[in-house]
Amino acid sequence: MFVVIGATGSVGRDVVKLLLAAGEEVAAVSRDPAADLPGGAQVVNGDPSRPDSLTALPDGVDAVLLSPRAVRGAAAELLSLAAARGARRVVVLSAATVEHPAGHRRFADEFRAVEQAARDSGLDWTFLRCADFAANALAWAPQIRATGVVRGAYGDAATSPIHQRDIAEVAVRALADPEHAGHAYVLTGPQSLDQRDKVHLIGEAIGRELSFQELEPEQVRQAMLAQGLAEDLPDRLLGSLADYANTPGPTTDTVEQLLGRPALTFAAWATDNIAAFASPARS
Ligand SMILES: NC(=O)c1ccc[n+]([C@@H]2O[C@H](COP(=O)([O-])OP(=O)(O)OC[C@H]3O[C@@H](n4cnc5c(N)ncnc54)[C@H](OP(=O)(O)O)[C@@H]3O)[C@@H](O)[C@H]2O)c1
């Protein structure tokens, strides 16, 4: 039995599907009692950041996938609960910034704290230190649909965004195979792309000319706050972009080495997500 914390996130959902397809038993944890999760998963309702709410977590657990955003400061407590239910392994969805610092240190420290809790838990651990998810580009979808122009700061900021399916496939291997214990993998996409490149590739996928319009960082900050986004989000996003505009994020071939096939490109991700970016047909 595998426990997926963050099962409704982009990676967690793919991990649940892959495990079920392999015939494994899955306990998918969500705060939402009505969470739309793949049929066949045992939905465990509760808040992973309050492990005492996870009373329905079953016995007979082999391994746990941990999403730092879902577990927040409660990783140690949650892993001790998982160990009591039989878990021997934990896989942490960590971030490349732990090893290749970019952005405000406090955000990397949140991931470091979850990694440390995993090291201290007595379970075998594997850290997946992921580059920015390609799926972060979904935040551009409303602007692309409405205007074809993405407005943002630091157009030169370059990273190698990773497709969530690659992370999910690596996660499933690390959950199932003790050979990955004690490894911290930096997982990235195959290609360094700045923000203009990403917008261009989405345009190619949907067959529409798109452009990136550079704004001052302060304009972006104010616009994000005016939209009611969480207060730490501008710092999280703009801090990283500022650093990636100076020094591109890492590019590794770890996905290819682990999966035996090339990492999926951002262009492939954009093609998989055409529906999110395409303008609704006019009648
Ligand atoms: N996006 C990136 O570029 C990036 C890069 C490196 C690492 N990561 C990490 O990778 C992990 C997975 O990312 P993801 O995009 O697949 O999933 P996600 O949307 O960040 O979060 C997964 C799930 O966690 C729960 N959750 C979200 N915010 C929460 C909160 N404030 N308190 C409690 N629960 C919360 C939600 O589940 P329910 O509502 O169902 O409970 C959500 O579906 C995250 O921990 C993220 O920090 C992301």
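Counting from 3, one number per residue, gives the positions in the sequence shown under the working numbering.
Glycine included, each C-beta is placed from N, C-alpha and C at the ideal position.
Name the DSSP bridge partner or partners of residue i?
i: Arg-263; result: DSSP, once it has assigned bridges, lists no residue as partnering Arg-263.
i: Ala-155; result: DSSP output for Ala-155 lists no bridge partner at all.
i: Glu-216; result: Gly-154
i: Phe-4; result: Val-28 and Ala-65
i: Phe-135; result: Ile-164
i: Phe-129; result: Val-94 and Ala-186
Checking 7 Å against the spacing of the C-beta atoms, do residue i and residue j come in under that value?
i: Thr-57; j: Ser-32; result: no
i: Ala-143; j: Phe-4; result: no
i: Asp-131; j: Ala-98; result: It should be pointed out that residue 131 corresponds to Arg in this sequence rather than to Asp. Their beta carbons are under 7 Å apart, which means Arg-131 touches Ala-98 by this criterion.
i: Ala-24; j: Val-93; result: no
i: Ser-162; j: Gly-205; result: no
i: Leu-203; j: Ala-272; result: yes
If residue i sits next to residue j, beta carbons under 8 Å apart, how far is it from one beta carbon to the other, in whole angstroms?
i: Gly-157; j: Glu-216; result: 5 Å
i: Ile-208; j: Ile-276; result: 5 Å
i: Ser-12; j: Gln-166; result: 4 Å
i: Ser-51; j: Leu-81; result: Incorrect: roughly 13 Å between the Cβ atoms, too far for contact.
With burial defined as no fewer than 16 other Cβ atoms inside 10 Å of the residue's Cβ, what is the status of residue i: buried or exposed?
i: Ala-170; result: buried
i: Leu-231; result: exposed
i: Glu-117; result: buried
i: Pro-53; result: buried
i: Val-151; result: exposed
i: Pro-236; result: buried
i: Ala-228; result: exposed
i: Gln-290; result: Residue 290 falls outside the range modelled here, since the chain spans only 3 to 285, and no answer is possible.
Report the three-state DSSP secondary structure of residue i (helix, strand or coil).
i: Asn-47; result: strand
i: Ala-20; result: The question names Ala, yet the displayed sequence has Leu at residue 20. Of the three classes helix, strand and coil, the one that applies to Leu-20 here is helix, per DSSP.
i: Val-100; result: helix
i: Arg-90; result: coil
i: Thr-190; result: coil
i: Thr-161; result: strand
i: Asp-237; result: helix
i: Thr-273; result: helix
i: Ser-281; result: coil
i: Leu-140; result: helix
i: Asp-245; result: helix
i: Asp-196; result: strand
i: Leu-39; result: coil
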